[in-house]
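J.:
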Amino acid sequence: MKFNKQTLRFAACMAGIFAFLAVCARVTDSAVPTSAEASERPVIVLDAGHGGLDSGAVGKSGVLEKDVNLSVVKHLRQLLELSGFRTVLTRDEDISIYDPGVEGIRNQKLSDMDNRLEIIQSYPESIFLCIHQNNYTDPKYFGGQMFYNNNNPDNRTLAQIMQARFAQLQPGNDREIKLSGDELFLLKSNKNPSLMIECGFLSNPEEEAKLATEEYQQQLAFTIYSGVLEYVDAVSEQPESAWTDEEAAVISEYNNITAE
0 MKFNKQTLRF
10 AACMAGIFAF
20 LAVCARVTDS
30 AVPTSAEASE
40 RPVIVLDAGH
50 GGLDSGAVGK
60 SGVLEKDVNL
70 SVVKHLRQLL
80 ELSGFRTVLT
90 RDEDISIYDP
100 GVEGIRNQKL
110 SDMDNRLEII
120 QSYPESIFLC
130 IHQNNYTDPK
140 YFGGQMFYNN
150 NNPDNRTLAQ
160 IMQARFAQLQ
170 PGNDREIKLS
180 GDELFLLKSN
190 KNPSLMIECG
200 FLSNPEEEAK
210 LATEEYQQQL
220 AFTIYSGVLE
230 YVDAVSEQPE
240 SAWTDEEAAV
250 ISEYNNITAE
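Structure below.
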């Protein structure tokens, strides 16, 4: 019963957070940080996994991974841009981004991944976040998990921070961060701080139902957003300079709710 009450309060808080940040943006004409210039903040490259004919994982009730990924990314973009970050999306609609004229599913997938990597590498000082949903044969598994490569020393820090944020959002999620190898092409092929975020399991009926709702997609977006702020603060040469007063207040409220 406590979890249900917490969930309702969290959802109400999320609606208030989005409204609050939007008001801040209107009042100031833009959400330019007061304690750190926007130009000092890293570009955030957001990759909504799959797209187009590549649906990714499919839940038992038909929820498509590609759709959840894109929705979370769009909500996340809104939050980041309201806070003064510049964002770049590898896709902002339901498409694959392989080159015109490429034929065959395998060749299209390879071209799609190469083009995503090209976008990432166009912003060498950026943070790269790849958004996905998990799937497994056993429906009992649930919860988000972070995958990182060791080709950047900050990747582990980013993964640990984000995993802790997801543990706050998802009671009972005791998953640990996982080091990836060559199997995750976009992580191994770029040197920027990078993370693959598996938000949850579409193979778990209860989690699939949540992942299909815009309210939960907003919660996921805010969880990732708060992790980004914490990470930027952690690696900043001037700690606590990454957050505006407004952001700090919002994060504090978020922490109070998820700690209950």
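Taking numbering that gives the first Met the number 0 as reference, the numbering of the sequence shown is continuous, increasing by one, and the terminal residue is 259. Note that CB positions come from ideal geometry on N, CA and C, so glycine has one too.
Assign Thr86 to one of three DSSP states: helix, strand, or coil.
T.: Three-state DSSP puts Thr86 in a strand.
J.: Put Asn68 into one of helix, strand or coil per three-state DSSP.
T.: Asn68: helix per DSSP, three-state reduction.
J.: Is the segment 187-198 touching the segment 153-167, taking contact as three or more C-beta pairs under 8 Å?
T.: Result yes; three or more Cβ-Cβ pairs closer than 8 Å.
J.: Just verifying my parser: in three-state terms, what is the DSSP assignment at Lys190?
T.: In this structure, Lys190 counts as coil in the three-state DSSP scheme.
J.: Where does the unbroken alpha helix (DSSP H) through Tyr97 begin, and where does it stop?
T.: First-last for Tyr97: undefined, no H or E at that position.
J.: Report the residue from Phe127, Thr89, Ile196 and Gln169 whose alpha carbon sits nearest the alpha carbon of Val231.
T.: Ranking the options by Cα distance to Val231, first place goes to Phe127.
J.: Please report how far the alpha carbon of Met145 lies from the alpha carbon of Glu102, in whole angstroms.
T.: So the alpha carbons of these two residues sit roughly 33 Å apart.
J.: Starting from Ile130, trace the alpha helix (DSSP H) in both directions and tell me its first and last residue.
T.: Not the alpha helix (DSSP H): Ile130 falls in the beta strand (DSSP E), residues Ile126 to Asn133.
J.: Starting from the Cα of Pro204, find the closest Cα among Pro138, Ile130 and Leu183 and give me that residue.
T.: Looking at the Cα atoms, Pro138 is the closest of the given residues.
J.: Please check the pair Gly226 and Ile160, which I expect to be a contact at CB under 8 Å, by giving their CB distance rounded to whole angstroms.
T.: With 8 Å as the limit, Gly226 and Ile160 qualify as a contact, their Cβ atoms being about 5 Å apart.
J.: In this structure, what does DSSP give as the bridge partners for Ile196?
T.: DSSP lists Ile130 and Met145 as partners of Ile196.
J.: When DSSP labels each residue in this structure, what does Pro138 get in the three-state scheme?
T.: It is coil, neither helix nor strand.
J.: Quick one: any contact between the segment 58-74 and the segment 88-99, if contact means 3 or more CB pairs under 8 Å?
T.: These segments touch.
J.: Quick check: Ala56 and Leu201, are their CB atoms within less than 9 Å of each other?
T.: Contact flag set, yes.
J.: Between Leu168 and Thr222, which are expected to be in contact by the criterion C-beta below 8 Å, what is the C-beta distance as a whole number of angstroms?
T.: Correct: roughly 5 Å between the Cβ atoms.
J.: So if DSSP puts Ala47 in a beta bridge, which residue, or which two residues, is it bridged to?
T.: Per DSSP, Ile130.
J.: Within the continuous alpha helix (DSSP H) that includes Ser110, where are the two ends?
T.: Looking at the DSSP string, the run of the alpha helix (DSSP H) that includes Ser110 is Ile104 to Gln120.
J.: With DSSP collapsed to three states, give me the class of Leu183.
T.: It is coil, neither helix nor strand.
J.: Report the rounded CA-to-CA distance for Ile130 versus Leu45, giving the unit in angstroms.
T.: Approximately 8 Å, taken between the alpha carbons.
J.: Between Lys59 and the rest of its own chain, which residues show a CB-CB distance below 7 Å, the 5 nearest in sequence each way excluded?
T.: Once the five neighbours on either side are set aside, the close Cβ partners of Lys59 are Pro204 and Glu207.
J.: Can you give the Cα-Cα distance for Lys209 and Gly143, rounded to whole angstroms?
T.: Rounded to the nearest angstrom, the two C-alpha atoms are 13 Å apart.
J.: Given a cut-off of 9 Å, decide if Leu69 and Leu116 are closer than it, judged by their beta-carbon atoms.
T.: No; because the gap between Cβ atoms is not below 9 Å, this pair is not in contact.
J.: Where do the N-terminal and C-terminal ends of the alpha helix (DSSP H) with Ala233 fall, by residue?
T.: Run containing Ala233: Glu213 to Val234, per the alpha helix (DSSP H) assignment.
J.: The ligand HEM and Met195: does the residue's C-beta get closer than 8 Å to at least one heavy atom of that ligand?
T.: The ligand HEM is absent from the structure shown, which contains no ligands of any kind.
J.: Tell me the rounded alpha-carbon separation between Phe141 and Gly199.
T.: Cα to Cα, Phe141 sits roughly 6 Å from Gly199.
J.: Please report the distance separating the alpha-carbon of Leu81 from that of Gln216.
T.: Distance between the alpha carbons of Leu81 and Gln216: 18 Å.
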